[in-house]
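In our numbering, the protein residues as written are 49 to 322. Read through the structure below, which is laid out as structure tokens, and then see the notes.
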């Protein structure tokens with residue numbers, strides 16, 4: 049199954065690929081089933097975005113299918129994700145990963161930093177993910193943004209929607225000034241990026257559980273769909289060189305509403321970066 053009617057041309061500008069990995073999920077696993085669920089619900093979408101006034105049929109993208117990853121070996125999985133992402137970057141295409149849990153971002157981002165050492169990281173998320181370790185592990189969905197920030201520099205991290213974290217994580221965000229609390233402040237921050245390469249990671253638990261119950265670590269007090277999109281539409285003029293959408297866990301929303309929301313976000317992001 050592919051996302052809508054994807055091209056078969058591997059010279060496409062944008063390469064979607066599924067990353068069905070959730071080995072470090074600490075509360076509710078199941079995000080490994082997300083890539084195909086997002087694809088399935090894409091067939092319920094119209095190709096045209098009335099907000100962006102663009103049609104997905106005019107978007108130059110290909111869906112490369114899913115990676116086959118070792119569930120019990122996060123380090124090896126990260127390396128395989130990074131290797132695949134490097135192949136996409138080597139033809140000057142944009143990698144677009146469908147998770148899977150949030151740790152998968154470390155693999156894609158590690159590859160992106162090799163090609164774009166001055167990249168900045170924009171994180172949409174309910175959780176800070178800035179722990180140095182979680183349950184003794186350095187590689188975890190709870191540590192992923194710290195690992196990424198260690199690659200690009202904490203000063204190059206922009207966070208939106210965070211409402212959960214340890215006391216230490218909150219202190220870290222205050223010290224580095226990464227947390228952006230209003231759309232106006234976000235606009236000011238991204239206006240300074242000019243043509244700097246941007247990596248975008250969207251953890252879908254940024255949405256309120258009343259909108260998006262199908263996720264591994266639901267956190268009340270989140271954004272509505274329209275509030276999230278108001279932020280994402282501001283990215284239209286940025287130089288996005290890689291991105292991912294993570295943490296849909298289909299088993300926890302048998303209605304399919306969460307998958308429908310995730311699929312539409314993917315469609316809009318494809319059009320934003322096309």
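Note that the Cβ used here is the ideal one computed from N, Cα and C, for glycine as well.
| Residues bridged to residue 292 by DSSP? | 145 and 249
| said: Between which two residues does the beta strand (DSSP E) holding residue 113 run? | reply: Segment 109 to 114, the beta strand (DSSP E) holding residue 113.
| Can you check whether the CB of residue 108 is closer than 8 Å to the CB of residue 136? | no
| Rounded C-beta distance between residue 171 and residue 205? I'm assuming under 8 Å. | 7 Å
| query | Where residue 284 and residue 101 are concerned, what is the direct C-alpha to C-alpha distance, given to the nearest angstrom? | reply | 12 Å
| When you compare only the Cα positions, how much space is there between residue 297 and residue 241? | 33 Å
| field | Limits of the unbroken alpha helix (DSSP H) element including residue 280 | value | 273 to 280
| task | Excluding the 5 residues preceding and the 5 following residue 49 in the sequence, name in chain order all residues of the same chain whose CB lies nearer than 7 Å to its CB. | result | Result list for residue 49: 84, 87 and 88, in chain order.
| Run of the alpha helix (DSSP H) containing residue 172, from where it starts to where it stops | From DSSP, residue 172 is part of no alpha helix (DSSP H) but of the beta strand (DSSP E) over 168 to 172.
| message | Can you check which of these residues, 312, 306, 66 and 282, is closest to residue 132 by C-alpha distance? | response | 66
| What residues match up with residue 67 in a beta bridge as DSSP calls it? | 147
| Just curious, the alpha helix (DSSP H) that residue 187 is in, first and last residue? | Premise fails: residue 187 is in no alpha helix (DSSP H) and is neither H nor E.
| query | Short check: CB of residue 155 to CB of residue 294, under 8 Å? | reply | no
| request: Return the Cβ separation of residue 78 and residue 299 in integer angstroms, given the expectation that the two are a contact with Cβ distance under 8 Å. | output: 4 Å
| field | Residues of its chain near residue 145, where Cβ-Cβ distance is below 7 Å and the 5 sequence neighbours each way are ignored | value | If you ignore the 5 residues before and after residue 145, its C-beta comes within less than 7 Å of the C-beta of 65, 67, 152, 156 and 292, all in its own chain and listed in chain order.
| field | Straight-line gap, residue 322 to residue 244 (C-alpha atoms, nearest Å) | value | 17 Å
| request: On a CA-only basis, which of 56, 81, 69 and 104 is nearest residue 314? Give me that one, please. | output: Looking from the CA of residue 314, the closest CA among 56, 81, 69 and 104 belongs to 104.
| task | Might you give, ordered along the chain, the residues of its own chain that have their beta carbon closer than 8 Å to the beta carbon of residue 228, omitting 5 neighbours on each side? | result | Excluding residues within five positions, the ones whose Cβ falls inside 8 Å are 206, 207, 208, 234 and 237.
| Proximity below 8 Å, CB of residue 265 to CB of residue 253 | yes
| What beta strand (DSSP E) runs, 3 residues minimum, are completely inside the segment 193 to 250? | DSSP runs (the beta strand (DSSP E)) wholly in the segment 193 to 250: 205 to 208.
| said: For the alpha helix (DSSP H) containing residue 87, name the first residue and the last one. | reply: Note, residue 87: alpha helix (DSSP H), 82 to 90.
| Expressed to the nearest angstrom, what Euclidean distance is found between the alpha-carbon atoms of residue 308 and residue 275? | When only Cα atoms are considered, residue 308 and residue 275 end up about 17 Å apart.
| query | Pick from 139, 80, 96 and 93: whose alpha carbon is nearest that of residue 120? | reply | Measuring from the Cα of residue 120, the nearest candidate turns out to be 80.
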